[in-house]
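A.B. asks: Taking the working numbering, I'd label the letters of the sequence shown as residues 27 to 260.
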Amino acid sequence: MKFHILTLFPDMVDTCLHASILGRAEKGGHLSFHSVNIRDYTADKHKKVDDYTYGGGAGMLMQAQPVYDAWLAVHRGAGREKIRTVYVTPQGRTFTQELARELAGEEELIFLCGHYEGIDERVLEEVVTDSVSIGDYVLTGGELPAMVMIDAIARLVPGVLHNGSSAKTESFENGLLEYPQYSRPFVWHGKEVPPVLLSGNHRLIEEWRCQQSLLRTKERRPDLYEAYTKEKQE
Ligand code: ADE
27 MKFHILTLFP DMVDTCLHAS ILGRAEKGGH LSFHSVNIRD YTADKHKKVD
77 DYTYGGGAGM LMQAQPVYDA WLAVHRGAGR EKIRTVYVTP QGRTFTQELA
127 RELAGEEELI FLCGHYEGID ERVLEEVVTD SVSIGDYVLT GGELPAMVMI
177 DAIARLVPGV LHNGSSAKTE SFENGLLEYP QYSRPFVWHG KEVPPVLLSG
227 NHRLIEEWRC QQSLLRTKER RPDLYEAYTK EKQE
């Protein structure tokens, strides 16, 4: 799967994406990352990419021209109809595991990262297919939220995680939080591992994990628990 990231800070993005599990998956040919510096596409002789907002107000806005030309360069290169273009913004719909799964089904995605007060609305109207937020708080730019989304999407691409089953049992996959887990030693700070996990009885272990998953979700995320029980009743 290929990710194009349109940004004014490509170094920020590159450092993060080429490291760790994503970097390994890129070397293995499962993922590819292409950061594009929007500033390289400005027609302004001083390399300016922002200007004051019409109507007044605080801060500067990213102008339509450099954003559009950067997007067009990626799009033309891809030679296809329309690559889904995600605008990373606090005004978007909230990113979820479900949306991560949906986007992981695409062959290619473009992420558009804003800065300053945002981006001229006219270019957004022409290129954006999905406006997405990572939560109800405001960050200084779109790069960190884009990294969060790319990480969540990329790890669902086949071959990226070596342990295929871990993505299936983890939190949110079935609408619940994951059960607690333990490793050696059996006793740590006077606390024992729940004995059922040493029983070797897979049915009992499965039941215990399911019960723990429900309890944990009810306690920590009553909203998820309610949605889960409602769906089970239908
Ligand atoms: N840009 C600034 N804040 C953001 C957020 N919460 N989600 C997505 N993009 C953002």
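Heads up, the beta-carbon is just placed ideally off N, CA and C, and yes, glycines get one too.
Small disclaimer: the values here were computed from a predicted structure and weren't measured.
With a cut-off of 8 Å, do at least 3 Cβ pairs link the region 128–142 to the region 92–104?
C.D. replies: Flag = yes, the region 128–142 and the region 92–104 touch.
A.B. asks: In whole angstroms, give me the CA-to-CA distance for residue 21 and residue 139.
C.D. replies: Outside the shown range of the chain, which is 27 to 260, sits residue 21, and nothing can be said about it.
A.B. asks: How is residue 177 classed by DSSP in three states: helix, strand or coil?
C.D. replies: Looking up residue 177 in the sequence shown gives position 151. Helix.
A.B. asks: I think residue 142 touches residue 85, with their Cβ atoms under 8 Å apart; what is that distance to the nearest whole Å?
C.D. replies: Taking the first residue of the sequence shown as 1, we reach residue 142 at position 116. Taking the first residue of the sequence shown as 1, we reach residue 85 at position 59. About 6 Å; that satisfies the 8 Å criterion.
A.B. asks: Measuring CB to CB, does residue 171 end up less than 8 Å from residue 100?
C.D. replies: For the purposes of this step, residue 171 is taken as residue 145 along the sequence shown, with counting starting at 1. For the purposes of this step, residue 100 is taken as residue 74 along the sequence shown, with counting starting at 1. No, Cβ-Cβ distance for residue 171 and residue 100 is not below 8 Å.
A.B. asks: What number of angstroms, rounded off, separates the C-alpha of residue 246 from the C-alpha of residue 202?
C.D. replies: Locating residue 246 in the sequence shown gives position 220, counting from the first residue. Locating residue 202 in the sequence shown gives position 176, counting from the first residue. Looking at the two C-alpha atoms, the distance is approximately 10 Å.
A.B. asks: Would you verify that the beta carbon of residue 79 is, or is not, closer than 8 Å to some beta carbon of chain B?
C.D. replies: No chain B is present in this structure, which holds just one protein chain.
A.B. asks: When the Cα atoms are used, what is the spatial distance from residue 214 to residue 256?
C.D. replies: Here residue 214 refers to the residue found at position 188 when the sequence shown is read from its first residue. Here residue 256 refers to the residue found at position 230 when the sequence shown is read from its first residue. Cα to Cα, residue 214 sits roughly 38 Å from residue 256.
A.B. asks: Buried or exposed: residue 178, going by 16 or more other Cβ atoms within 10 Å of its Cβ?
C.D. replies: As a first step, residue 178 must be located in the sequence shown, where it is residue number 152. Buried, because 16 or more other Cβ atoms sit within 10 Å of the Cβ of residue 178.
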